[in-house]
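In what follows, a single structure is set out as structure tokens and then discussed.
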Amino acid sequence: MPEWQPVWLSIKVALVSLIFVVIFGVLFAHAMRKWEFGGKAAVEAIFALPLVLPPVVTGFLLLILIGKQGPVGRFLEEYFHTQIIFTPYAAVIAGAVVAFPLMYHSTKAAFQSIDTKLEDAARTLGANEWRVFWTVTLPLAWPGLLSGIVLSFARALGEFGATIMVAGNIPGKTQTIPLAIYFAAESNDMNQAGIYVLIISLITFSMILWVNLWARRKHCAVPTKGVF
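Heads up: the sequence shown at position 16 corresponds to 15 in numbering that gives the first Met the number 0, and the numbers run straight through without jumps.
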């Protein structure tokens with residue numbers, strides 16, 4: 000039987016990562032939709048980098064940043080006498096960084112699909128920007144946001160390359176499902192690796208299936224006008 004610690008740790012890491020991904024993904028997508036400035040294309044290219052770079056490269060860059068010799072790592076060590084590297088917090092950071100592009104691009108596409116006339120109508124009725132965002136923009140963009148949430152969670156849940164660079168493989172502490180699969184297979188324990196593969200596949204499949212069924216029900220619930 001497999002150890003369940005990697006399963007629970009992976010779910011916790013993915014959920015905590017998702018909190019940061021949703022907050023920053025929505026905020027940045029909304030800001031980039033509204034603002035035009037020089038270098039915007041370069042900023043969006045940076046946002047997309049974790050999606051196209053090999054995860055181990057992303058992990059190396061994070062290691063440079065939050066490692067003991069990195070600016071963030073030195074700051075934490077000097078002023079708080081603590082470190083992020085090789086802790087579950089590092090796994091959260093890795094998961095959030097690699098999942099962020101999925102949330103950002105899904106949210107941005109959802110925002111761009113909104114009819115701006117509906118937002119303008121709310122403004123003419125006296126709603127300020129904050130109220131327009133919460134009562135008009137977010138509800139209309141919700142299907143796209145939900146897809147981004149599910150994809151981001153699945154991506155954080157399955158993160159391997161960046162995680163092993165900054166969190167390592169410490170059983171009982173930083174070993175997530177993908178790490179457990181890799182090292183079980185490396186030690187020729189195919190049964191345990193197969194069980195972990197089945198677990199993570201069922202989790203991600205169930206989430207994607209639920210979103211697809213939800214979207215289908217929502218689509219079917221929209222009334223259509225007959226053509227006469």
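Glycine residues also receive a C-beta, built at the ideal position from the N, C-alpha and C atoms.
Look at the Cβ atom of T175, then the Cβ atom of S9, and state whether they are nearer than 8 Å. yes
Closest Cα partner of L14 within the set V149, M189, A183 and F182: V149
What is the residue span of the alpha helix (DSSP H) that T106 lies within? P87 to Q111
Distance, M31 Cα to A47 Cα: 13 Å
So, using beta-carbon positions, are I65 and I92 closer together than 8 Å? yes
Along the chain, where does the alpha helix (DSSP H) containing P142 start, and where does it finish? L137 to L156
Label M189 either buried or exposed according to how many other C-beta atoms from any shown protein chain fall within 10 Å of its C-beta, with 16 as the threshold for buried. exposed
Would you mind stating whether A98 and V210 have Cβ atoms separated by less than 8 Å? no
Terminal residues of the alpha helix (DSSP H) in which P54 lies: P54 to I65
Is F27 helix, strand or coil when you go by DSSP? helix
Just the C-alpha distance for A161 and A120, rounded to the nearest angstrom, thanks. 45 Å
Selection from I18, W3, L26 and W213 that minimises the alpha carbon distance to W129: L26
Hey, is the region 130-140 in contact with the region 34-47, meaning 3+ C-beta pairs nearer than 8 Å? no
Kindly indicate which residue of G147, F204, V51 and G171 has the alpha-carbon position closest to the one of L101. G147
Where does the unbroken alpha helix (DSSP H) through P177 begin, and where does it stop? I176 to E185
Check each candidate in F204, W213 and L212 and name the one with the smallest Cα separation from G157. F204
Leaving aside the five residues before and after Y103 along the sequence, list all residues of the same chain whose C-beta is less than 7 Å from its C-beta, in chain order. G24, F27, A28 and F46
With DSSP as the reference, label I18 as helix, strand or coil. helix
Go through its chain and collect everything with a Cβ distance to V135's Cβ below 7 Å, but skip five positions before and after it. L117, E118 and A121
What separation, rounded to the nearest whole angstrom, lies between the Cα atoms of P87 and I113? 38 Å
Helix or strand or just coil, what does DSSP make of L124? coil
Beta-carbon separation of G167 and Q4 under 8 Å? no
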